[in-house]
Structure formats: structure tokens, C-alpha cells
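Visitor: Protein chains in written order, with the working numbering: chain Y, 16 to 196; chain X, 14 to 158. Don't be surprised by glycine CBs; every beta carbon is placed ideally from N, CA and C. These numbers were taken from a predicted model, which means no experiment stands behind them.
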Amino acid sequence: MTARFKYAIPLGVAIAILLILWMSLRLTPSQLPSPLLNKPLPDFKLKELNEQQWVSSHDLTGHITILNIWASWCEACLAEHTQLLKLSQNKQIQIVGLNYKDNSTAAEHWLQNYGNPYSIIGFDHDGQVGFKLGVYGTPETFIIDKQGIIRYKHIGPIDEAVYNKEIKPLIEQLTSEHDYG
Amino acid sequence: MAKLLSIIPAGRRAAAAGLLIVHLLIIPIAGIAHDIYPFDNAQQQAQFNKLSHELRCLVCQSESIAESNAPFASDIRQIIYEQVRNSKTNPEIINSLTEQYGDYIHLKPDLHKANFLIWLAPLLTLLLGSSGLVVIIVRQRAKPC
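#1: With a Cβ-Cβ cutoff of 8 Å, do V111 (chain Y) and Y129 (chain Y) count as a contact?
#2: Can you name, in chain order, every residue of its own chain whose Cβ lies under 8 Å from the Cβ of I165 (chain Y), other than the five neighbours on each side?
#3: Which chain X residues are close to G149 (chain Y), counting only those with a beta carbon under 7 Å from its beta carbon?
#4: Going by DSSP in three states, N128 (chain X) sits in which element: helix, strand or coil?
#5: Are there three or more Cβ pairs, one per stretch, closer than 8 Å when the region 175 to 185 of chain Y is compared with the region 66 to 76 of chain Y?
#6: What three-state label does DSSP hand P84 (chain X) in the structure shown?
#7: Please state whether DSSP places N13 (chain X) in a helix, a strand or coil.
#8: With Y151 (chain Y) and F85 (chain X) assumed to form a contact (beta carbons below 8 Å), what rounded beta-carbon distance in angstroms separates them?
#9: Quick one: does F85 (chain X) have its CB under 8 Å from some CB of chain Y?
#10: Would you verify that the beta carbon of S39 (chain Y) is, or is not, closer than 8 Å to some beta carbon of chain X?
#11: By the 10 Å Cβ neighbour count, where 16 or more other Cβ atoms means buried, how is E90 (chain Y) classified, buried or exposed?
#12: Using only CA atoms, which one of X:I150, X:V151, X:N103, X:A127 lies nearest to N62 (chain X)?
#13: Near Y94 (chain X), which residues of its chain fall below 8 Å by C-beta distance, leaving aside the five closest residues on each side in sequence?
#14: Identify the contact partners of S49 (chain Y) in chain X, using a Cβ-Cβ distance below 9 Å as the criterion.
In C-alpha cells form, the structure reads like this:
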């Protein structure tokens, strides 16, 4: 080992540490994968929004389901609303809403004003179901396959980029899985 | 006492009485505010304090569930509170939260799994660095000047 090489060791170590620190700048804790990913949807049962019927986790199996957690007080929910309305055109999927810690009248008005992409809405007034799903806040979106397994979770509003890069390909994949599988 | 009071002008006396009333009103309110989470015994209180300090508020920047005012933290405090009142043990409560929110909810990483590397890394770095230093110093001394 030459003397020159020996002095390069601390420099190499320093560069390695800087690289690790630099890479960690890109890690965002809010984008950690949910521990519920690839696990069955937790069991729940709750009243439908402004209805007397019940909705349970069993209603979400047998379809490709988009489960969207929203509230009328949530501004980011309005931002993703056009994406959800667009998704509701696709008849191969069902969109289920979880109305989170909301006022049922306000929620109803909100849907009348901006349109209703949901086929079923559960009214999670106290946030108990939200807790079971490990919800951080609104909006959050889960994609559940026909077997009732959670395949995807997105925290925050779905924008054009998220829709095109993540949601659209996954729905296409799930649809073909079910056609051929 | 009456003589002492009479030295104080009437206006001041009224103001002092007003202040006293305000204080008497505020102190009980403060007492209520402190007991948002009333427990049956001190042991449950201690368990609640320990857990809420050891779990992370996931929507905050490195704050514990106990410290944060975020709605998320207050939800989790409520859940911890209910579970403590139901005589759940610490591992039971932590496991149920980890199931929903993942390992990141631990403000202090566990010693198990790959996490022991996190705990050992500072010690290893110190050992490597100091032994390297010792080797260099010994070699330098061995060299004739």
C-alpha cells in the first residue's frame, strides 16, 4: 500500500457518507409503503352516508375497487375530484368513498355541487374505520383487487401524473389479471 | 388587616377583587384542561405518558404523539388512552398501531431486525475511527525523526 493511497481512505469514507446523506434527502416519510399493502382489507362495517343501509368490507370484494377517503372540509379532495369523476366513467371498477370525520349534510351538499363519483359511500363520522386503514388524513386512496387484497395506497390528492403513472397502469393490470387469471 | 386594606384606594381594591375572582375562575378551568385523559390510577397515567412519548406523530417533523397538536396526534392519543383504560399492555398497544401505520411510528427504533445496525453504527464508527487513529500514532512514533 503506497502512502498516497492511504490518505485517500478518509476521503473515500467522507464521500460515501455525503452520498448517503444526499440520497436520504429524497426520502419522504409520508411516502413510506403502508404495512397493509398486499394484505386483505381490514374488516369494517358502517352506515352509508345519509342512508339506512350498512356498508361492510365484504361489499368491496368481487370488484376492482378504488377506496377514496374524503371529506367536504378537505380542500385537497376537491383538487383530485376531476380525476375521480374521470375514473368513475370506467365501468370495470367501482369507486367507494369513505366520508371521513365529516358532517353528513355538508357532505351531501358537496356532492351535489361538485358531482358524485362514488357508487357507495360509508359514513365514518368518528374516524374509526379510517384508523383501521391506517389513514393519516384526507385524501387517501386505496386500490383493492377482486380478492379483497389492498394493492396500492396513495396519500394526498391524485393528480394527472399520479393517475397516469401509477393508477391507470395498475387498473389495466388488474383488469387483465382478472380476465385471464 | 382592615387597616392595611383601607390604605389601598377604593379603585385599586375593586380591581384587586376583580383579579382575584378571575383567578379563582381560571384555576379550576386549568385543572379541567389538564385532565382531558382521566385515568383510574397513576400507573395507567404513567403508561399513557410513556407510550405517547415513544410513538411518532407521522404527519409531523420528528415530534412525538405527546408533543404534537396535529389532529393525527390527538386521534392517536385518544386511541392509546382507550386501550390503556382497557388494560392493554404496552406491546399490545404498540403492535396494534404498528399493524396500521408501520414501524415508522416508533420514535425510538426497536433493537430487533436490521434496526440494531442503527444503534450500533455510532459505536462502530467511533471504534473504527479511534483504532485507526491509534494505528497511525503508533506508526508515527515508531518512525525515527
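Guide: Working from what's here:
#1: Locating residue 111 (chain Y) in the first sequence gives position 96, counting from the first residue. Locating residue 129 (chain Y) in the first sequence gives position 114, counting from the first residue. Contact flag unset, no.
#2: For the purposes of this step, residue 165 (chain Y) is taken as the residue at position 150 of the first sequence. Hits under 8 Å: S49, L51, L52, N53, K54, P55, L56, F157, I158, I159.
#3: Sequence index remark: in the first sequence, residue 149 (chain Y) carries index 134 (1-based). Per Cβ cutoff of 7 Å: Q113, Y114.
#4: As a position in the second sequence, residue 128 (chain X) is number 115, starting the count at 1. It is helical.
#5: no
#6: Position 71 of the second sequence, counted from the first residue, corresponds to residue 84 (chain X). DSSP places P84 (chain X) in helix when its eight states are reduced to three.
#7: Summary: the structure shown does not reach residue 13 (chain X), with chain X confined to residues 14 through 158, and so no result is reported for it.
#8: The count along the first sequence starts at 1 and reaches residue 151 (chain Y) at position 136. The count along the second sequence starts at 1 and reaches residue 85 (chain X) at position 72. Contact flag correct, Cβ pair sits at about 6 Å.
#9: Position 72 of the second sequence, counted from the start, is the residue given in the question as residue 85 (chain X). It does: the Cβ of F85 (chain X) has a partner Cβ on chain Y nearer than 8 Å.
#10: On the first sequence, residue 39 (chain Y) is found 24 positions in, with the first residue counted as 1. For S39 (chain Y), the closest Cβ of chain X is not nearer than 8 Å.
#11: The sequence position of residue 90 (chain Y) within the first sequence is 75, counting from 1. Exposed is the call here.
#12: Here residue 62 (chain X) corresponds to residue number 49 of the second sequence, with the count starting at 1. By alpha-carbon distance to N62 (chain X), the top candidate from X:I150, X:V151, X:N103, X:A127 is X:N103.
#13: For this step, residue 94 (chain X) is matched to residue 81 along the second sequence. If we look at Y94 (chain X) and ignore the five residues flanking it on each side, its Cβ neighbours are Y50, F61.
#14: One-based indexing of the first sequence puts residue 49 (chain Y) at position 34. What S49 (chain Y) touches in chain X: Q113, Y114, G115.
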